[in-house]
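Engineer:
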Amino acid sequence: MKTAMYAIIKKDFRGIAGNRRLFSSLFIVPLVLTIVLPSVFVITIHFVPDDPDIAKMLSLLPEGARMESMELTVSGMILNYILPVFFLVIPIMAASIMAASAFVGEKERHTLETLLYCPLTLKQIFQAKVWASFLLSMLVSLISFTAMILVIETELFLLSGRLLIPGVSWLVVMLLLSPAISLIAVTLIVRESAKAQSVEESQQAAVFLIIPVILLVAGQFTGLLLMSVWILLGLGVVCAVLAWILLQKSTGRFTYEKLLQ
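If you want my numbering, it's the position in the sequence shown, counting the first as 1, plus 621.
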């Protein structure tokens, strides 16, 4: 990667860090999804008596996922089946904050012409914008995951005297599926930003990407769709291949004239 590409990435990071409104919005949704909601679940499960409806739902779990108490079993289901799906939403939402203004933000600040004068091809400029948003989304995901594990394990230890070990599915989600989906989202949103006339218009691509993920979350909550490690691995491989293809083909139709329109 050329030094000029690093310079673009650093500039975009500084732009986000210097904007308090955007910087704070990066962590509001992850905070709710990974700390507030799991804490509510863990505390509620501890103080609510055993429910036959919950027991019926837990019967859908694999035998190896069941523990000695309903409290630990439900907590394990939340940790290993429901929360991983949230980490498909977080990188999309985090990436959209920077990616949506990748090019249209430059237009609004009247800095696009200066950017195009840098010693990089249009494809390299595009890829620098993509990598900036991708790295930001992965950083937010990593911070969210670390905070979530610390909070949940602390609460479980204080309430039940036990710790839960995250399942293998977390490795697949954090190392393959989440980065692949994030790269797909970033590429599509940055490409839309190059054609859009406003940041709001370029953010529309993120809405369509989040819908199928929300359906996955609903399926995990209702027990209709409990995704195994192999399903997650298969989805991760497919998404990784799709992300690579999109990144390679994304600048094919762009020209300097179209960007400056």
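Backbone N, C-alpha and C fix where the C-beta goes; we use that ideal spot for every residue, glycine too.
Rounded to a whole number of angstroms, what is the C-alpha to C-alpha distance between L784 and P705?
Structural biologist: When rounded, the distance between both Cα atoms is 18 Å.
Engineer: Hey, I649 and E776: beta-carbon distance below 9 Å or not?
Structural biologist: No.
Engineer: Expressed to the nearest angstrom, what Euclidean distance is found between the alpha-carbon atoms of V811 and L868?
Structural biologist: For V811 and L868, the distance between alpha carbons rounds to 10 Å.
Engineer: Assess, as a yes-or-no matter, whether the stretch 791 to 800 is touched by the stretch 735 to 754 under the definition of 3 or more beta carbon pairs within less than 8 Å.
Structural biologist: Contact fails: fewer than three Cβ-Cβ distances are below 8 Å.
Engineer: Can you tell me whether F644 is buried or exposed, with buried defined as 16 or more other CB within 10 angstroms of its CB?
Structural biologist: F644 comes out exposed.
Engineer: CB L709 to CB S799, shorter than 9 Å?
Structural biologist: Contact flag set, yes.
Engineer: Determine the extent of the alpha helix (DSSP H) in which M626 is found, giving its start and end residues.
Structural biologist: Counting along the chain, the alpha helix (DSSP H) containing M626 begins and ends at 624 to 638.
Engineer: In whole angstroms, what is the alpha-carbon distance linking L779 and S762?
Structural biologist: Taking the straight line joining both Cα atoms gives about 26 Å.
Engineer: Compute the beta-carbon to beta-carbon distance between F747 and V807, rounded to the nearest angstrom, for a pair I have assumed lies under 8 Å.
Structural biologist: The Cβ separation is near 11 Å, so there is no contact.
Engineer: Less than 9 Å between the C-beta atoms of L736 and I802, yes or no?
Structural biologist: Cβ distance not < 9 Å, so L736 and I802 don't count as in contact.
Engineer: Look at the alpha carbon of M626 and the alpha carbon of A749, and state the distance between them as a whole number of angstroms.
Structural biologist: Rounded to the nearest angstrom, the two C-alpha atoms are 5 Å apart.
Engineer: State the DSSP-derived secondary structure class of L784, mapped to helix, strand or coil.
Structural biologist: Residue state, collapsed to three classes: coil.
Engineer: Looking only at its own chain, which residues have a Cβ that is under 6 Å from the Cβ of T655, when we skip the five neighbours before and after it?
Structural biologist: Correct list, in chain order: S765, M769.
Engineer: Could you please give the first and the last residue of the uninterrupted alpha helix (DSSP H) stretch that includes R641?
Structural biologist: Note, R641: alpha helix (DSSP H), 641 to 652.
Engineer: Apart from the five residues on each side of it in sequence, which residues of its chain come closer than 7 Å, Cβ to Cβ, to E692?
Structural biologist: Closer than 7 Å at the Cβ level, and outside the excluded window around E692, lie I666, H667, S781.
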